[in-house]
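Residue numbers (the working numbering), protein chains in the order written: chain V, 1 to 210; chain Z, 1001 to 1210.
Number of protein chains: 2
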Amino acid sequence: MIDINLLLSFGASYKKVAANDIIFNEGGVCSYYYQLVKGRVRWINYTNDGKEYLQSIIEAGECFGELPLFDAGGYAATSIADVDSILIRLNMSAFTQLLIENPEIHFKFSKLLANRLRFKFFILKEMAFNDPAKRVNALFHYLRDGKKHICLTCSQIKLTRQQIADMTGLRVETVIRVVRNMYKNGELKIVRGKIYFNVMTPVIMSEQEY
Amino acid sequence: MIDINLLLSFGASYKKVAANDIIFNEGGVCSYYYQLVKGRVRWINYTNDGKEYLQSIIEAGECFGELPLFDAGGYAATSIADVDSILIRLNMSAFTQLLIENPEIHFKFSKLLANRLRFKFFILKEMAFNDPAKRVNALFHYLRDGKKHICLTCSQIKLTRQQIADMTGLRVETVIRVVRNMYKNGELKIVRGKIYFNVMTPVIMSEQEY
DNA sequence: ATTTAATTATGACTGCAAGCATAAACTAAA
DNA sequence: TTTAGTTTATGCTTGCAGTCATAATTAAAT
Chain V
1 MIDINLLLSF GASYKKVAAN DIIFNEGGVC SYYYQLVKGR VRWINYTNDG
51 KEYLQSIIEA GECFGELPLF DAGGYAATSI ADVDSILIRL NMSAFTQLLI
101 ENPEIHFKFS KLLANRLRFK FFILKEMAFN DPAKRVNALF HYLRDGKKHI
151 CLTCSQIKLT RQQIADMTGL RVETVIRVVR NMYKNGELKI VRGKIYFNVM
201 TPVIMSEQEY
Chain Z
1001 MIDINLLLSF GASYKKVAAN DIIFNEGGVC SYYYQLVKGR VRWINYTNDG
1051 KEYLQSIIEA GECFGELPLF DAGGYAATSI ADVDSILIRL NMSAFTQLLI
1101 ENPEIHFKFS KLLANRLRFK FFILKEMAFN DPAKRVNALF HYLRDGKKHI
1151 CLTCSQIKLT RQQIADMTGL RVETVIRVVR NMYKNGELKI VRGKIYFNVM
1201 TPVIMSEQEY
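Right, dumping it as structure tokens:
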């Protein structure tokens, strides 16, 4: 997202985290701007009865936990390293200073926020009325088209059915049945656990490159 | 949101719209920054099968349709005047210029975007796992606490059951039953159609003043 | 190669929201 | 005040996601 050398020149530092380490907690006071250099991060909300809602998967190159930097609230979700990861972080006041000195980067961030908001609009609409199959489909499209620039050569989806369930508000069993069904209909291939999503249904929404 | 005189100095103009007039359509190319001076605006997504999801109700003083200004996509939802309204609009390039010349307003907008994103995080989590009663409750809390600064003296909610259904992804009948039930439990009063929401359950999330 | 754990799979049952129909109670207009 | 239109109310039925139980399969660890 932000050039690493620029971050370093403002005093940013690297940090290693192991798989399943908590980076920050929902509601926690914001201290840093975070950017993922290597690895993968889960961004999760816990409901009062312990279920977890997976708001987003952060891939290398993306930033996360940026909301409090702007509105001075707590972190909107808990972030957990999905695998061993390296991240770079910059303390809050230095981040603000960086934006002031580099207005074009501030515009880049507005774009980022707008994009993320746009995706939430989309996914919320999908969640509100659609049946399970469409929800899962919407998520796949997002992962393929919305994050293409970051992710992968093609359209592999490397989430467990449980994680898909966590992102769509469905139960594992339901997701398993839906995916199974899509597989039977030839809408996707499964090779060694990975889902290869390769149907050419129209793209409804995409989180553009930023 | 932005001071009206400042907007005017950048060439903004007033516009009157009648109830149910469409201000802009989902997906449409962005031409203006909009700010509501008087009235009320519905912000809606239509699903392919004609159902509408009410993303937000815009009250006087709030801005809307700001996403495309930052990320150059289309409008994220259709906006329709709920009642006769007056709005002020500023063309896109002038808006950008305004932000460049007034970095503090740009920060204000980042805060706004962050806030709106935060609310979507919240409502999405609620929608994903909660039962109907909790969904409606979450919406009520948002309308009371999140929008207190704009709305009303107290905690009236002037939405029809249909509109509540449109915001929670439930059906009218379900909402009617839920509200009826809350009424019976003394969780709210209904005076001439308006819902007076007056229970002191802890505030989970609030869209802060901006 | 063998054990252990995690993930995927599938059937059976249940609860409850959706959907439909229909009526009552408001509201606004004439 | 009457009329027409909207909103709220309620019973009944059905479908299907959720839940539980249990098994099969795959992946990871020893």
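We treat Cβ as the ideally placed atom computed from N, Cα and C, and that holds for glycine.
What residue does the beta strand (DSSP E) around V191/V start on, and which one ends it? L188 to V191
From I1023/Z, I1044/Z, M1092/Z and S1031/Z, pick the residue whose C-alpha is nearest to that of F1010/Z; which is it? Among I1023/Z, I1044/Z, M1092/Z and S1031/Z, the Cα nearest to that of F1010/Z is on M1092/Z.
Report buried or exposed for E4/V, applying the criterion of at least 16 other Cβ atoms within 10 angstroms of its Cβ. Note on residue identity: the sequence assigns Ile, not Glu, to residue 4/V. I4/V comes out exposed.
Buried or exposed, going by whether 16 or more other CB atoms sit within 10 Å of the CB of R192/V? exposed
On the criterion of 16 or more Cβ atoms from any shown chain inside 10 Å, does K1016/Z qualify as buried, or is it exposed? exposed
Indicate whether at least one CB of chain V lies closer than 8 Å to the CB of N1091/Z. no
Between T78/V and E26/V, is the Cβ-Cβ spacing less than 8 Å? yes
Step through the CB atoms of chain V and report whether any lies within less than 8 Å of the CB of R1116/Z. yes
Name the chain V residues that come within less than 8 Å of F1070/Z, Cβ to Cβ? F107, S110, K111, L113 and A114
From N45/V to T168/V, what does the alpha carbon distance come to, in whole angstroms? 13 Å
Does DSSP classify A160/V as helix, strand or coil? The sequence as given places Thr at residue 160/V; Ala does not occur at that position. DSSP places T160/V in coil when its eight states are reduced to three.
What residues from chain Z crowd round M127/V, counting only those whose CB sits closer than 8 Å? L1124, M1127, A1128 and G1169
Taking the DSSP output, what are the residues bridged to G34/V? Contrary to the premise, residue 34/V reads as Tyr rather than Gly in this sequence. Y34/V is bridged to F64/V and R89/V.
Strictly below 8 Å CB to CB, what residues from chain Z border Y53/V? L1124, K1125, A1128 and F1129
Looking at the structure shown, is N1045/Z part of a helix, part of a strand, or coil, going by DSSP? DSSP places N1045/Z in strand when its eight states are reduced to three.
When the Cα atoms are used, what is the spatial distance from E1066/Z to A1128/Z? Rounded to whole angstroms, E1066/Z to A1128/Z spans 26 Å at the Cα level.
So, helix, strand or coil for L98/V, using DSSP? helix
Between L1006/Z, L1188/Z, N1185/Z and A1081/Z, which lies nearest to V1095/Z when the distance is taken from Cα to Cα? Per the sequence shown, residue 1095/Z should be read as Phe rather than Val. When only C-alpha atoms are compared, the closest one is L1006/Z.
C-beta neighbour in chain V for A1077/Z, strict 8 Å: yes
Check the Cβ of L67/V against every Cβ in chain Z and list those closer than 7 Å, keeping chain order. Neighbours of L67/V across chain Z, judged by C-beta separation under 7 Å: A1114, L1117 and R1118.
Rounded to whole angstroms, what's the CA-CA distance from L143/V to G1186/Z? Just pull it up for me. Each residue's alpha carbon lies about 45 Å from the other.
Examine the Cβ distances between the segment 107 to 114 of chain V and the segment 1056 to 1071 of chain Z and report whether three or more of them are shorter than 8 Å. Yes, since at least three Cβ pairs between the segment 107 to 114 of chain V and the segment 1056 to 1071 of chain Z fall closer than 8 Å, the two stretches touch.
I'd like to know whether the C-beta atoms of S56/V and F1070/Z end up nearer to each other than 8 Å. No, they are not a contact pair.
Residue environment, Y1033/Z, which counts as buried when at least 16 other CB atoms sit within 10 Å: buried
Quick check: what's the CA-CA separation for E1058/Z versus L188/V? For clarity, residue 1058/Z is Ile in the given sequence; the question names Glu instead. Cα to Cα, the separation comes out at about 41 Å.
Where V1017/Z falls: helix, strand or coil (DSSP): strand
Given a cut-off of 8 Å on the beta-carbon distance, is the pair G39/V and I86/V in contact? For the 8 Å CB-CB criterion, G39/V and I86/V form a contact.
Where does I1190/Z land, buried or exposed, given buried means 16+ other C-beta within 10 angstroms? exposed
Taking 6 Å as the limit between beta carbons, can you name the residues of its chain near S1013/Z, skipping five residues before and five after? Short of 6 Å from the beta carbon of S1013/Z, and not among the five residues preceding or following it, lies no beta carbon of its own chain.
Taking only beta-carbon positions, decide if N227/V is within less than 8 Å of chain Z. The question about residue 227/V has no answer, for chain V in this structure spans 1 to 210.
Is A72/V near the ligand SAM - that is, is its Cβ less than 7 Å away from at least one heavy atom of it? Within the structure as shown, the ligand SAM is missing, as the structure has no ligands at all.
Look at I1176/Z and I1105/Z and say whether their C-beta atoms are less than 8 Å apart. no
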